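Quick notes on the structure that follows.
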Amino acid sequence: MSTANGTDEQPQTTDPDEEMAHANGQVNGQLNGHVEGVGEIRAVNINHEMQTAYLDYAMSVIVARALPDVRDGLKPVHRRILYSMYHDLGLTADKPHKKSARIVGEVLGKYHPHGDTAVYDAMVRMAQEFSLRYPLVDGQGNFGSIDGDNAAAMRYTEARLARIANLMLDDLDKDTVDWQDNFDNSLREPQVLPAALPNLLINGSNGLPWAWPPTSRLTICPRWWMRWPT
37 MSTANGTDEQ PQTTDPDEEM AHANGQVNGQ LNGHVEGVGE IRAVNINHEM QTAYLDYAMS
97 VIVARALPDV RDGLKPVHRR ILYSMYHDLG LTADKPHKKS ARIVGEVLGK YHPHGDTAVY
157 DAMVRMAQEF SLRYPLVDGQ GNFGSIDGDN AAAMRYTEAR LARIANLMLD DLDKDTVDWQ
217 DNFDNSLREP QVLPAALPNL LINGSNGLPW AWPPTSRLTI CPRWWMRWPT
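Residue 37 is where the sequence shown starts when you use our numbering, and the numbers rise one by one after that.
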């Protein structure tokens, strides 16, 4: 920018750390960092805070729900369905089928409180021969078709574990995997299944990292990247 005397003047920039330090000084000076009935007041740089908070939230969703674990090829919802059918309901391949609604309720109440439709849809997919090469759930009733027909409601269908699912769950009680608390710390669940079966290789998987773009600026618009690399 040119001034009246013809010299160039560089635009002033402010260090975000200095801004935060100054803001913290004002807060500490005026409010001592604490407001009665509210709690601690902490001044932050809004740009930095939004970036880090959003990134942390996105990553937690991706790890906890959206993408499968390479060790057993399962997302948490699929793992919890198989574990609940095996451990809580005893629905092995040699036992009679049980109503899908009972299975869904067991999973919701103990391990995965994220909606009955999400749990049922995940179980249906594990029972479809056109979705998995080797289905892990043995379904009885209308579980949809390759033409896109939906499965019947969970009150009409029944399910149990497929025989091949035993290979995913065998030796679970022999300290083969790490365990974690469930959502309300009342029960324990496996972080991953023993999985003697290479499930990810034979059945594959898919998942969309929520809140995280599947591509980068470099692949979307290389010219933009070359012009503004930062």
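A virtual CB, placed ideally from N, CA and C, is assigned to each residue, including glycine.
The model shown is predicted, which means the values in this text are computed figures rather than measured ones.
Checklist line | Residues that DSSP places opposite Pro226 in a beta bridge | finding: Its beta-bridge partners are Trp215.
Next item on the list: Assign Asn186 to buried or exposed, taking buried as 16 or more other Cβ atoms, counted over all protein chains shown, within 10 Å of its Cβ.
Entry: Asn186 comes out exposed.
Note to self: Measuring alpha carbon to alpha carbon, tell me which residue in Arg101, Asp130, Thr128 is nearest Gln227.
What the structure shows: That would be Arg101, whose Cα lies nearest to the Cα of Gln227.
Margin query: Pull the bridge partners of Gly75 from the DSSP assignment, please.
Written below: According to DSSP, which records beta bridges pairwise, Gly75 is partnered with Val71.
Margin query: For Arg161, report the span of its alpha helix (DSSP H) as first-last.
Written below: Following the DSSP letters along the chain, one finds Arg161 inside the alpha helix (DSSP H) bounded by residues 152–163.
Notebook entry, point to check: What three-state label does DSSP hand Val80 in the structure shown?
Noted result: DSSP places Val80 in coil when its eight states are reduced to three.
Next item on the list: Using a threshold of 9 Å, state whether the C-beta atoms of Met162 and Val155 are closer than that.
Entry: No. Outside cutoff.
Next item on the list: Can you tell me which of Val140, Ala79, Ile182 puts its alpha carbon nearest to the alpha carbon of Ser120?
Entry: Comparing Cα-Cα distances from Ser120 to each of Val140, Ala79, Ile182, the minimum goes to Val140.
Check: Using the C-alpha atoms, what's the distance from Trp215 back to Lys146?
Finding: Spanning the two alpha carbons is a distance of roughly 15 Å.
Item checked: Boundaries (first-last residue) of the beta strand (DSSP E) holding Arg317 -> Residue 317 cannot be examined here, being either before or after the span of the chain that is shown, 37 to 266.
Next item on the list: Would you mind giving the Cβ-Cβ distance between Leu118 and Ala231, rounded to the nearest angstrom? I have them listed as a contact below 8 Å.
Entry: That belief does not hold up - the Cβ atoms of Leu118 and Ala231 are roughly 10 Å apart, past 8 Å.
Next item on the list: May I ask which residues mark the beginning and end of the beta strand (DSSP E) holding Val106?
Entry: Looking at the DSSP string, Val106 is not in any beta strand (DSSP E), and its letter there is neither H nor E.
Check: What residues in its chain sit with their C-beta under 7 Å from that of Leu67, if we drop five residues either side in the sequence?
Finding: Its pLDDT being 43, under 50, Leu67 is placed unreliably by the model, and nothing is read from it.
Next item on the list: Kindly indicate which three-state DSSP category Lys111 falls into: helix, strand or coil?
Entry: Three-state DSSP puts Lys111 in coil, outside helix and strand.
Checklist line | Assigned secondary structure, Gly145 (DSSP; H/G/I helix, E/B strand, else coil) | finding: DSSP places Gly145 within a helical segment (H, G or I) once states are collapsed to three.
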